[in-house]
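Just below is one structure, and these are the notes that go with it.
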Amino acid sequence: MINAEEIKKDFPIFKRKINGKEIIYLDNAATSMRPSIVIDKVKEFYEKHNANIHRGLYTLSEEATELYEKTREKVAKFINADKEEIIFTKNTTEAINYAVFGYFSRILNKNDTVLLTEMEHNSNVVPWKVLSKKIGFKIGYLNVDDSKIDLKELNEKLRIKKVKVLAITHASNVLGNINPIKEISKICRKYNTKLLVDGAQAAPHLSLDVHDLNCDFYAFSGHKMLGPLGVGILYVKKDFLKCLTPFISGGGTVLDVTKETLKFKEDHEKFEGGTPNIADVVAFSSAIDYLNKINIDKIKKYEEELTKYALSELNKINDIEIYNNHLKDRLGVIAFNLKNIHAHDVASLLDEEGICVRASHHCSMILHKKLGINGSVRVSFYIYNTKKDVDKLISGLLKVKKVLEK
């Protein structure tokens, strides 16, 4: 069983107080906190191994390269991919853009359709809209009803429309629901539709096997799973690597350049132009070690129990609207509003109690429009959150109501 109170001791930031109160951090869907082991790894790299990778035949450079590539191997193992299928980026947004402009821009034409869902983060909407303006293809959307998509609707849309690609989130950053990617993939294969998955919310909480999911692209970030900021990952199915063009080209991506010719490398280095974020990539390996030590399945089970408790307590509050009350197939992400109280006011008053929540549309504007609201309060849990954190959230919300309902 996970002991979140003990885990919390590994995170230096929780020693700090805000407004004289201990930090209750409930914004993990935006970014997670970092344990000392990750922070120390960044420091260690700069103190002991600092050099550029793939560049030098000297000890420091060889050490840096080995550490960097070992992280690639570790990431691949974490999601059951081959290391050659892993491309490092800055974040999930860049990873999705890489797939959109590095691959799909080459295969889409004006007669095609790209299918999204109403629950997508803007990072899985905006790149497609930008590309659509250039090429002219249509963008369709799967409906979200009762926090779910309808697989029958998906099957029907793929059957009657020329859908070249489905781009879908593995788990919503607002509703917290987990989409059945493996079942979705089977439907996509039936109609020869390519599948891109935004795994930013899922990767920190779910055991992943991208080969079993049978998706073509899978994007996620290190910073939502205890790693440093500035590290993203794009999994590209091996069959697609040769068709993927460098989104960022330059030093380190080529085998040869002449005045007349250009020859790119054949492996993942082709896609990682320039000097990458070496220290933070290396430190991400420590985050993976930390998660593996706890066990990702235990993390999911613990968060399910915490989410069940949180929903139970939140539903006791009068005049609260929760946008996904289901317990099954979900993450510890809960969006809600208090009647006649603006989400920003809720977040500001909670901050006075040291409680960190997100208040806005969470970069999911289409979903909020579907829900008929301008924004929501969002709480999201991770391995260091406890029932005490939930209790303090509830107390804080009751205090907000008392202050603002006068």
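Residues in the sequence shown are numbered consecutively from 0, following numbering that gives the first Met the number 0. Just so you know, even glycine gets a beta-carbon here, dropped at the ideal spot from N, CA and C. Given the structure is predicted, the values throughout are model-derived calculations rather than measurements.
Item, Value
"Please return the same chain residues whose Cβ sits closer than 7 Å to the Cβ of D266, not counting the five positions on each side in sequence.", "E83"
"For L240, which option in S31, Y102, A63 has the closest C-alpha, if you only look at C-alpha atoms?", "Y102"
"Can you tell me where the alpha helix (DSSP H) holding L349 begins and where it ends?", "342-350"
"Grab me the residues of Y67's own chain with a C-beta within less than 8 Å of its C-beta, minus the 5 sequence neighbours each way, in chain order.", "I52, P275, I277, V280, V281"
"At the level of alpha carbons, what is the spacing between L290 and T260?", "46 Å"
"How big is the Cα-Cα spacing for N425 and F136?", "Within the shown structure, residues of the chain are numbered from 0 to 405, placing residue 425 beyond reach of any answer."
"Got a sec, what are the start and stop residues for the beta strand (DSSP E) K193 sits in?", "193-197"
"Between V235 and I86, which are expected to be in contact by the criterion C-beta below 8 Å, what is the C-beta distance as a whole number of angstroms?", "6 Å"
"If I follow the unbroken beta strand (DSSP E) through D388, where does it start and stop?", "Element bounds for D388: not the beta strand (DSSP E) but the alpha helix (DSSP H), 386-403."
"Hey, which unbroken runs of the alpha helix (DSSP H) at 4 residues or more fall wholly within the segment 51-112?", "58-78, 91-98"
"Taking S35 as the reference, which of T306, P245, L225, D255 has the closest Cα?", "L225"
"Which residue from A170, C187, K193 puts its Cα closest to that of P203?", "A170"
"So H325 and S146 are supposed to be a Cβ contact under 8 Å. How far apart are they, rounded?", "6 Å"
"In angstroms with no decimal places, state the Cα-to-Cα distance between E43 and T70.", "15 Å"
"Quick one: what's got a C-beta closer than 7 Å to G251's C-beta in the same chain, skipping five residues either side?", "H53, E268, E271, G272, G273"
"With three or more C-beta pairs closer than 8 Å as the rule, is the segment 361-376 touching the segment 203-220?", "no"
"In three-state DSSP terms, what is F44?", "helix"
"Does the beta-carbon distance from D197 to N123 come in below 8 Å?", "yes"
"How close, in whole Å, do the beta carbons of G331 and L348 come, if the pair is a contact with beta carbons under 8 Å?", "Not really, about 22 Å apart at Cβ, beyond 8 Å."
"Just to confirm before moving on: does the CB-CB distance between N213 and S184 stay below 8 Å?", "yes"
"Just verifying my parser: in three-state terms, what is the DSSP assignment at R329?", "strand"
"Fully enclosed by the segment 240-324, which alpha helix (DSSP H) runs are 4 residues long or longer?", "277-293, 295-313"
"Looking at the strands, I want to know which residues DSSP matches up with L115.", "Y140"
"Per DSSP, L26 is paired with what?", "Strictly speaking, residue 26 in this sequence is Asp, with Leu absent from that position. BP columns for D26 point to S379."
"Relative to the C-alpha of I393, which residue among R329, N339, I316, E404 is closest?", "I316"
"Quick one, which of K40, V99, N49 has its alpha-carbon nearest P245's?", "V99"
"Roughly how many angstroms lie between the CA atoms of E312 and F10, to the nearest whole one?", "27 Å"
"Where do the N-terminal and C-terminal ends of the alpha helix (DSSP H) with A3 fall, by residue?", "3-7"
"Kindly list the residues whose CB is nearer than 8 Å to the CB of E117, restricted to its own chain and excluding five residues on each side of it in sequence; keep chain order.", "Y140, L141, N142, V143, I365, L366, K369"
"What number of angstroms, rounded off, separates the C-alpha of K73 from the C-alpha of A286?", "10 Å"
"Check the DSSP bridge columns for G231 and list the partner residues they point to.", "T88, S220"
"To the nearest angstrom, how far is it from the Cα of V399 to the Cα of V345?", "6 Å"
"Report the option in S104, K386, D350 whose CA atom is closest to the CA atom of I17.", "D350"
"Between the Cα of C355 and those of Y24, I6, V376, E182, spot the shortest distance and give me the residue it belongs to.", "Y24"
"What do you reckon, are the CB atoms on A411 and S379 nearer than 8 Å?", "Residue 411 is absent from the model: the chain starts at 0 and stops at 405."
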